[in-house]
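Visitor: To start, I am sharing the structure in question, which I have written as structure tokens.
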Amino acid sequence: MNTAYTAAVQVADLYQRWQALRHEQPRLRAREAAAALGVSEAELTASRLGVDAVRLRPDWAELLPALGELGRVMVLTRNEHCVHERKGLYREVSVSANGQMGLVVSADIDLRLFLGGWASVFAVAEQTANGMLRSLQVFDRQGVAVHKVYLTEDSHVSAWAPLLTRFAAAEQSPELALQPLPAAPLHKADEQIDQQALRDGWAALKDTHHFFALLKKHEVARTQALRLAGSQWAEPLDTRELPRLMEQAGAGEVPIMVFVGNRHCIQIHTGPVRNLRWMDTWFNVLDPDFNLHLQTAGVVELWRVRKPSVDGVITSLEAFDADGELVVQLFGARKPGMAERDDWRELAEALPVLG
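Counted from 1, the sequence shown has number 133 at position 133 by the UniProt record's numbering; the numbering is strictly sequential.
Take a look at the structure:
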């Protein structure tokens, strides 16, 4: 049998099964539907080609700056337990010469892009009960969603069709060539680590961005390093202190930085948080320009972390899941060259150490 024909039949079958599932569970999100159907979200999205989706060329150096033409958008980045949504202009975009890294540093949208892991991108225009929902959706080589950009009521809808015409892939193929997840880096056991050297290296940090290099040098996992660093640099907290701190920051109008990321993208909100709501075990920020949805049941470790820098000690709260993956990170609002805010530090330092 013709291989291309067989693949086309499989894609059509997947799309039909998805539509049947949506009919049964109309509120089911694509991520959840993909899991229920035993496929990746990228495969599910690719099954929409020719219906309400267009595959685009993954030419990040040209495509990402062009997103500024869409005007005010909403960007979404998530991991397994936390969703970060921020509205603003997709501007001040830069891509490294080797194409592996990207930055977006506009006033409202702040992103760190690890483009080496980005694989495919689709434009989706879906008719919903609330009207047409247009988005660009990026996936990695495992078919996991990395980053999404949604048009809003304030977007330049007239720029949508020209953008698709300019970046549409020559072949509208659903083929994704997915790859298995690379093996996780090996880490040393506690007794194999020179803990004094780790602490000395920590104390010598001049920039918080050098922390990852410190972990790599000593071949330690992040939560392992926090355990071994000593209470001067890291202290465990009750996980319930995370939403409490955000509530205190909101009540005190203390502007914070909220980092949420996955393997290939980190998204940052800087500013106050005000409209805070619990919905079952989900803790939410529901502000006009910033939404956060944190599944608190997924957070099993919380640490108060201090890192030295040329601007003084920088204090953060770091939340981890059962696999040791970072779920969300909180800092006081600041820019490079500025000392940490006193009001943030007072809030963070007031949290009791886990007994």
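Cβ atoms here follow ideal geometry from the backbone N, Cα and C, with glycine treated the same way.
The beta strand (DSSP E) that contains Ala33, what's its start and end?
Guide: That residue, Ala33, is in no beta strand (DSSP E); its alpha helix (DSSP H) goes Ala30 to Leu37.
Visitor: Whose C-beta lies closer than 7 Å to the C-beta of Gln100 among residues of the same chain, with five residues either side of it excluded?
Guide: Correct list, in chain order: Leu115 and Gly116.
Visitor: Please classify Asn275: is it buried, with 16 or more other beta-carbons within 10 angstroms of its beta-carbon, or exposed?
Guide: Asn275 is exposed by the Cβ-count criterion.
Visitor: Out of Ser47, Tyr15 and Val83, state which residue places its alpha-carbon closest to the alpha-carbon of Phe122.
Guide: Selected option, being the one with the closest Cα: Ser47.
Visitor: Quick check on DSSP: helix, strand or coil for Arg134?
Guide: Arg134 falls in the strand class under three-state DSSP.
Visitor: Buried or exposed: Arg240, going by 16 or more other Cβ atoms within 10 Å of its Cβ?
Guide: Answer is exposed; the Cβ neighbour count stays below 16.
Visitor: Using CA coordinates, which residue listed in Val300, Ser309, Lys335 and Gln329 is at the minimum distance from Asp321?
Guide: Here the closest residue by C-alpha is Val300.
Visitor: For Arg86, report the span of its alpha helix (DSSP H) as first-last.
Guide: Segment Cys82 to Leu89 is the beta strand (DSSP E) holding Arg86; no alpha helix (DSSP H) there.
Visitor: Using only CA atoms, which one of His293, Arg31, Pro185 and Ala66 lies nearest to residue 358?
Guide: Outside the shown range of the chain, which is 1 to 355, sits residue 358, and nothing can be said about it.
Visitor: So, is Trp44 buried or exposed, given that buried needs 16 or more other C-beta atoms within 10 angstroms?
Guide: According to the sequence as given, residue 44 is Leu; it is not Trp. The residue in question, Leu44, is buried, as its Cβ has 16 or more Cβ neighbours within 10 Å.
Visitor: At which residues does the beta strand (DSSP E) containing Gln329 begin and terminate?
Guide: Taken as a continuous stretch (DSSP letters only), the beta strand (DSSP E) holding Gln329 covers Leu326 to Gly332.
Visitor: Look at the Cβ atom of Arg86, then the Cβ atom of Phe290, and state whether they are nearer than 8 Å.
Guide: Yes, they are a contact pair.
Visitor: Is it buried or exposed for Glu235, if we count other Cβ within 10 angstroms and need 16 for buried?
Guide: Buried: at least 16 other Cβ atoms inside 10 Å.
Visitor: Return helix, strand or coil for Trp282, following the three-state DSSP convention.
Guide: In the structure shown, Trp282 sits in a strand (DSSP, three-state: E or B).
Visitor: Give the DSSP-derived three-state secondary structure of Asp316 in the structure shown.
Guide: Strictly speaking, residue 316 in this sequence is Ser, with Asp absent from that position. In the structure shown, Ser316 sits in a strand (DSSP, three-state: E or B).
Visitor: Determine the DSSP secondary structure at Ser155, reduced to helix, strand or coil.
Guide: Residue state, collapsed to three classes: strand.
Visitor: Taking Cβ to Cβ, would you say Val124 is nearer than 8 Å to Gln137?
Guide: It is a contact, given that the beta carbons lie within the stated cut-off.
Visitor: Measuring only the C-alpha atoms, how far is Glu62 from Val95?
Guide: Roughly 9 Å separates the two Cα atoms.
Visitor: Assuming Gly252 contacts Asp342 under a Cβ cut-off of 8 Å, what Cβ separation, rounded to an integer in Å, is found between them?
Guide: Contact flag wrong, Cβ pair sits at about 12 Å.
Visitor: Examine the Cβ distances between the stretch 146-153 and the stretch 171-183 and report whether three or more of them are shorter than 8 Å.
Guide: Touching, no, given that fewer than three Cβ pairs across the two stretches are closer than 8 Å.
Visitor: Buried or exposed: which applies to Lys307, given that a residue is buried once 16 or more other Cβ atoms fall within 10 Å of its Cβ?
Guide: Buried, by the Cβ-count rule.
Visitor: Going along the chain, which residues of its own chain have a beta-carbon closer than 6 Å to the beta-carbon of Asp110, five neighbours each way excluded?
Guide: If we look at Asp110 and ignore the five residues flanking it on each side, its Cβ neighbours are Ile268.
Visitor: Inspect the beta-carbon positions of Ser309 and Lys217 and report whether they are closer than 8 Å.
Guide: Taking 8 Å as the Cβ cut-off, Ser309 and Lys217 do not qualify as a contacting pair.
Visitor: My guess is that Leu351 and Leu237 are in contact by the Cβ rule of under 8 Å, so how many angstroms apart are they, rounded?
Guide: The Cβ separation is near 5 Å, so the contact holds.
Visitor: On the three-pair Cβ rule with 8 Å, is the stretch 66-81 touching the stretch 50-58?
Guide: Too few Cβ pairs lie closer than 8 Å, so no.
Visitor: Taking the Cβ atom as the reference point for each residue, do Thr296 and Thr281 lie within a distance shorter than 8 Å?
Guide: Yes, the Cβ-Cβ distance between Thr296 and Thr281 is below 8 Å.
Visitor: Can you tell me the Cβ-Cβ gap for Gln245 and Ala348, rounded? I've got them flagged as a contact below 8 Å.
Guide: A small correction: the amino acid at residue 245 is Leu; Gln does not occupy that position in the sequence shown. Going by Cβ atoms, the distance from Leu245 to Ala348 rounds to 7 Å, so yes, they are a contact pair.
Visitor: Return the Cβ separation of Arg199 and Ala229 in integer angstroms, given the expectation that the two are a contact with Cβ distance under 8 Å.
Guide: At roughly 6 Å, the Cβ-Cβ gap stays under 8 Å, so Arg199 and Ala229 are in contact.
Visitor: Express the C-alpha separation of Ser40 and Gln19 in angstroms, rounding to a whole number.
Guide: Gln19 and Ser40: Cα-Cα distance of roughly 16 Å.
Visitor: Pull the bridge partners of Thr77 from the DSSP assignment, please.
Guide: In DSSP, Thr77 forms a bridge with His84.
Visitor: So, under 8 Å CB-CB, Leu49 and Gln172 are touching, yes? Tell me the CB distance rounded to an integer number of Å.
Guide: With 8 Å as the limit, Leu49 and Gln172 qualify as a contact, their Cβ atoms being about 5 Å apart.
Visitor: Out of Pro336, Ser135 and Gln16, which one is the CA nearest neighbour of Asp311?
Guide: Closest option to Asp311, Cα to Cα, is Pro336.
Visitor: Just to confirm my understanding: we take Val9, look at its own chain, exclude 5 residues before and 5 after, and list those with CB closer than 6 Å. What are they?
Guide: Excluding residues within five positions, none has a Cβ falling inside 6 Å.
Visitor: Please state whether DSSP places Val11 in a helix, a strand or coil.
Guide: If DSSP states are grouped into helix, strand and coil, Val11 belongs with the helices.
Visitor: Quick check: the Cα distance between Ala30 and Pro243, rounded to an integer number of angstroms?
Guide: Their backbone Cα atoms lie some 28 Å apart in a straight line.
Visitor: With a threshold of 8 Å on Cβ separation, who are the neighbours of Tyr90 within its own chain once the five nearest residues in sequence on each side are excluded?
Guide: Excluding sequence neighbours, Tyr90 sits near Leu64, Leu67, Gly68, Leu70, Val73, Val75, Val104, Ser106, Ile109 and Val149.
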